[in-house]
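Below you'll find the structure, written out as structure tokens, and then a few comments.
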Amino acid sequence: MQILVRTHHPEAAQMRETVERRVRFAFRRLNSLVPRADIKLDDINGPRGGPDKRCQIALRTDGAGAVVVSAVAKDWRSALDEALTSAARYLLRTWRRSSTPHKQRRRDGAADAKRQRGTEDFA
-2 MQILVRTHHP
8 EAAQMRETVE
18 RRVRFAFRRL
28 NSLVPRADIK
38 LDDINGPRGG
48 PDKRCQIALR
58 TDGAGAVVVS
68 AVAKDWRSAL
78 DEALTSAARY
88 LLRTWRRSST
98 PHKQRRRDGA
108 ADAKRQRGTE
118 DFA
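Number 9 in our numbering belongs to position 12 of the sequence shown; there are no gaps in the numbering.
See below:
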């Protein structure tokens, strides 16, 4: 998996290795579905404080197309973990839906025969 981390904030730049490690861990079982992950870390309102750290994850996937998830939290690690959780949950749900065939409803054969003959019992 190719991981690209983009940020202009000095604190976030120091977390580059941590981000790569967390991304690899979060997608370890879905690695074959995600050939590339772009992670962008932003400080929304600068030095004013508050829950303003945003993590945006853009995944290039084979089955689900492009998946973009973002999360805002008070610190970088929380924003990253929230975004990774959301992205992994979405990919897993998409993978399960595509790999599990839909069950068809079974119809009662006797009821079908009556409908075809037009001899339904009305009670």
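Glycine included, each C-beta is placed from N, C-alpha and C at the ideal position.
Integer Cβ distance of residue i from residue j, believed to fall under 8 Å
i   : j   : result
A68 : S83 : 7 Å
E8  : W73 : 7 Å
V64 : A80 : No, V64 and A80 are not in contact; Cβ-Cβ is about 11 Å, not under 8 Å.
CA-to-CA distance, residue j to residue i, given in whole angstroms
i   : j   : result
L89 : D59 : 13 Å
S75 : R45 : 18 Å
A55 : Y87 : 13 Å
K50 : R21 : 21 Å
A10 : P48 : 19 Å
W92 : H6  : 35 Å
M12 : R25 : 20 Å
Beta-carbon proximity list for residue i, same chain, < 7 Å, skipping 5 on both sides
i   : result
L77 : V16, R19 and C52
9 Å Cβ cutoff, residue i in contact with chain B
i   : result
R51 : Absent from the structure is chain B; it holds one protein chain and no more.
C-beta contact flag for residue i and residue j at 9 Å
i   : j   : result
A85 : A23 : yes
L1  : I41 : no
R3  : V31 : no
Counted within 10 angstroms of its Cβ, other Cβ atoms place residue i as buried (16 or more) or exposed
i   : result
D39 : buried
Contacting residues, own chain, Cβ-Cβ under 6 Å from residue i (five flanking each side not counted)
i   : result
N28 : M(-2)
Cβ-heavy atom distance, residue i to the ligand MG, below 8 Å
i  : result
I0 : As presented, the structure is devoid of all ligands, the ligand MG included, so that no description of it is given.
8 Å Cβ shell around residue i - same chain, five flanking residues per side excluded
i   : result
R94 : none
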